[in-house]
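So the sequence shown is numbered by this note's numbering: it starts at 241 and just counts up by one. Even for Gly, the Cβ is constructed at its ideal location relative to N, Cα and C.
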Amino acid sequence: MRIALGSDHAGLALKREVAALLTKLGHEPIDFGATDSASVDYPDFAAAVARAIQTGDCVQGVLVCGTGIGMSITANKFRGIRAALCTCEMEARMTRQHNDANVLCLGERVVGLGLGVCIAEAFFTTDFAGDRHQRRLDKIAAIEAGER
241 MRIALGSDHA
251 GLALKREVAA
261 LLTKLGHEPI
271 DFGATDSASV
281 DYPDFAAAVA
291 RAIQTGDCVQ
301 GVLVCGTGIG
311 MSITANKFRG
321 IRAALCTCEM
331 EARMTRQHND
341 ANVLCLGERV
351 VGLGLGVCIA
361 EAFFTTDFAG
371 DRHQRRLDKI
381 AAIEAGER
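Here is the structure:
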């Protein structure tokens with residue numbers, strides 16, 4: 241499975257650790273940047289990851305910045321993107337099971353490298369539960385389309 245990755249300068253180290261985890265899990269990480277510690281603007285990378293998912297080039301994504309907040313705000317502006325900012329493994333499991341989140345947002349300065357990798361592993365090893373949760377996702381999609 242192709243997984244889009246993006247970070248700003250403040251999330252670079254955790255993004256690299258998550259990329260290694262994804263490879264270990266049998267996924268193909270596709271890195272949309274940043275590539276070094278020079279200051280950059282997080283919306284550029286959130287947009288690139290969201291668009292890769294929208295086009296079907298990648299099926300899920302990971303976005304990392306200092307807090308994860310800016311990345312999640314930006315990614316959720318894109319139709320069909322369900323980006324979840326997670327600070328613990330339970331949140332990662334629940335957002336996959338109940339919300340079928342397709343983008344994991346992490347804050348490197350908040351969770352650090354070790355916990356960040358554990359959160360990513362929980363996210364990428366948990367499946368969507370479907371059933372009543374699909375009905376709720378359909379309602380979210382209708383709101384997003386302006387139908388509700």
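Worksheet item: Going by alpha carbons, who is nearest to R376 out of G347, C358, E361, A341?
Response: Numbered from its first residue, the sequence shown carries residue 376 at position 136. Of the listed residues, the one whose Cα sits closest to R376 is A341.
Discussion item. Per the DSSP calculation, C305 is bridged to which residue(s)?
Written reply: For the purposes of this step, residue 305 is identified with residue 65 of the sequence shown, where counting begins at 1. Bridge partners of C305: G347.
Worksheet item: In the structure shown, what three-state DSSP assignment does I359 receive?
Response: For the purposes of this step, residue 359 is taken as the residue at position 119 of the sequence shown. Residue state, collapsed to three classes: helix.
Worksheet item: So what does P269 bridge to, in DSSP terms?
Response: Position 29 of the sequence shown holds residue 269. Note: P269 sits in a beta bridge opposite I243.
Fill in: Cβ pair count under 8 Å reaching 3, the segment 357-370 against the segment 321-333
yes
Worksheet entry | Cα-Cα separation, A315 to R291 | As a position in the sequence shown, residue 315 is number 75, starting the count at 1. As a position in the sequence shown, residue 291 is number 51, starting the count at 1. So the two alpha carbons sit approximately 9 Å from each other.
Discussion item. Just to confirm the assignment, what range does the beta strand (DSSP E) spanning A382 have?
Written reply: For the purposes of this step, residue 382 is taken as the residue at position 142 of the sequence shown. Run containing A382: none in the beta strand (DSSP E); it sits in the alpha helix (DSSP H), 372-384.
Fill in: Reduced DSSP category for A324 - H, G, I as helix; E, B as strand; rest coil
Residue mapping note: residue 324 aligns to position 84 of the sequence shown, counting from 1. It is a strand residue.
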